[in-house]
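Okay, so here's the structure we're looking at.
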Amino acid sequence: MIISSVARSSIDISLTSGKPCVGAVATWTCVVDGGTGIGSLGWRNLGRSELPAEVNGPLVAFGSPSPFSAKATCVAGSVITSIAVANLTNASAVNGSTLECSNGGFGSLNTTISNITLYFQDSSPVQLILMKLIGSSLSEFVIHICWPNAVCAPSYQLNITRDDQPLYDNITEDICYEYNVSDIGTYTISVSSIDYFGMMVGKPATTKVHIRPPDIIRVSSSFNYTSSTISIIIQDSVEDQLSITSCNISLMSDDESYNDDQDCTQMRVFEYSGTGITCGRSYTYIVNISNVVNSTIKSGPINLVCIEPSVTTIMETISFCSMTSSPSETAMRLCSVTPSPINTISY
Numbered sequence: 000m001i002i003s004s005v006a007r008s009s010i011d012i013s014l015t016s017g018k019p020c021v022g023a024v025a026t027w028t029c030v031v032d033g034g035t036g037i038g039s040l041g042w043r044n045l046g047r048s049e050l051p052a053e054v055n056g057p058l059v060a061f062g063s064p065s066p067f068s069a070k071a072t073c074v075a076g077s078v079i080t081s082i083a084v085a086n087l088t089n090a091s092a093v094n095g096s097t098l099e100c101s102n103g104g105f106g107s108l109n110t111t112i113s114n115i116t117l118y119f120q121d122s123s124p125v126q127l128i129l130m131k132l133i134g135s136s137l138s139e140f141v142i143h144i145c146w147p148n149a150v151c152a153p154s155y156q157l158n159i160t161r162d163d164q165p166l167y168d169n170i171t172e173d174i175c176y177e178y179n180v181s182d183i184g185t186y187t188i189s190v191s192s193i194d195y196f197g198m199m200v201g202k203p204a205t206t207k208v209h210i211r212p213p214d215i216i217r218v219s220s221s222f223n224y225t226s227s228t229i230s231i232i233i234q235d236s237v238e239d240q241l242s243i244t245s246c247n248i249s250l251m252s253d254d255e256s257y258n259d260d261q262d263c264t265q266m267r268v269f270e271y272s273g274t275g276i277t278c279g280r281s282y283t284y285i286v287n288i289s290n291v292v293n294s295t296i297k298s299g300p301i302n303l304v305c306i307e308p309s310v311t312t313i314m315e316t317i318s319f320c321s322m323t324s325s326p327s328e329t330a331m332r333l334c335s336v337t338p339s340p341i342n343t344i345s346y
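So the sequence shown is residues 0 to 346, counted in numbering that gives the first Met the number 0.
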């Protein structure tokens, strides 16, 4: 593309609109400014150039294999302005090539050329969803969702379900969204990148939020025969995202002669001992955990069966050793052993 003018001094080329992404329309602008004599402006990419010089005419293609088209937009005194536009469907042939703008014919020794190296990117999937639950009660809960911009993704598909039932499905250019919670359940949020061809890119990023009463997975207990101590461990779900507002665990004997309550808001391991804890008796534990949604109660029996312990003697040895060796024989360890008994009780 060659345009004559009284300009022949400086050249500036830059990306002025769009993004260098596969499927996107990107526009570069070149301005030749200043100087004396007859000036001109030309474009070149992948060896293709010499385009017509009509101002504000239609875009004229450079020709294969270049994806660019160009036109002059303004000739004002010593300033020539032109744009080059590309809409790539495949970046492999263009990436690493140069887009050149000159103030004269490309074959002239006096021509000044400015260029940029081209790199068009493919769209990438969303990698991460950041989620925060806002509110202090079920009627106030709002799920605040954000995700980082994906490379060359002009839009995103956002999908929200509750217990696998669809609630929300929309395409948006935003990277944040707030959803008002309507009921208890497991909410699954999925976000997918949409490329410039309108196609989903890769697999969606997903996250879950459980809005439900506390989930007590297991309550386990053990009995130490020697110290007459009952140990109880509460295992609640690591997936529970709502804060525990209260927690109480109680242990009582079936004849109600023993009854002890403990707060379990911060702890999950408890010990019960004393004259009321003996083998041969039965006990019942009750765990009551609450959050802002509701409470969960779990109870069960603990039967302490009396079993005579067997004593195993382990001889701990204390060795005094010396080492001897000779060139013709393997080193030998000479030790005297003093046994020291350690008793362990098993059931």
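C-beta: ideal position from N, C-alpha, C; glycine also.
query: Are the beta-carbon atoms of N86 and V24 separated by less than 8 Å?
result: yes
- prompt: If you draw a straight line from the C-alpha of Y178 to the C-alpha of I142, how long is it?
  reply: 5 Å
query: Taking E99 as the reference, which of M199, W27, K297 has the closest Cα?
result: W27
- prompt: Run through DSSP, which three-state label would E238 get?
  reply: coil
- request: Using 10 angstroms around the beta-carbon of D162, count the other beta-carbons present and answer buried if the total reaches 16, otherwise exposed.
  value: exposed
Of the residues G201, L241, S68, the one placed nearest D121, counting alpha carbons only: G201
- prompt: Nearest to I231 by CA position, among T244, Y284, T185, is which residue?
  reply: Y284
- request: Have a look at P213 and I128 and give me their C-alpha separation to the nearest angstrom.
  value: 24 Å
query: Hey, how far is the Cα of K297 from the Cα of Y282?
result: 14 Å
query: Among V292, C305, V304, which has the Cα closest to the Cα of S138?
result: V292
- request: Taking K297 as part of the beta strand (DSSP E), name the residues at either end of that continuous run.
  value: 294 to 302
Residue environment, L250, which counts as buried when at least 16 other CB atoms sit within 10 Å: buried
- prompt: What residue does the beta strand (DSSP E) around N247 start on, and which one ends it?
  reply: 245 to 252
task: Check whether the segment 164 to 183 touches the segment 272 to 280, taking contact to mean three or more Cβ pairs, one atom from each stretch, closer than 8 Å.
output: no
- prompt: Around the Cβ of V304, are there at least 16 other Cβ atoms within 10 angstroms (buried) or fewer (exposed)?
  reply: exposed
message: Could you give the first and the last residue of the continuous beta strand (DSSP E) run that contains V200?
response: 199 to 210
query: What separation, rounded to the nearest whole angstrom, lies between the Cα atoms of T205 and I159?
result: 10 Å
Short Cβ contact (8 Å threshold) for T295 with I243: no
- prompt: The beta strand (DSSP E) spanning K70 covers which residue range?
  reply: 67 to 75
- prompt: If you draw a straight line from the C-alpha of D358 to the C-alpha of C145, how long is it?
  reply: With the chain covering only 0 through 346, there is no way to say anything about residue 358.
field: Classification of Y118 by the beta-carbon crowding that lies within 10 angstroms, buried from 16 upward
entry: exposed
- request: Alpha carbon to alpha carbon, how far is Y186 from S289? Give it in angstroms, no decimals.
  value: 20 Å
Assigned secondary structure, E172 (DSSP; H/G/I helix, E/B strand, else coil): coil
Cα-Cα separation between F140 and W42, rounded to whole angstroms: 57 Å
field: Distance between S39 and I82 (C-alpha atoms, nearest Å)
entry: 14 Å
Cβ shell of E270 (< 6 Å), same chain only, five flanking positions each side left out: T228, S230
task: Can you grab the Cα-Cα spacing for the pair L14 / V84, in whole Å?
output: 10 Å
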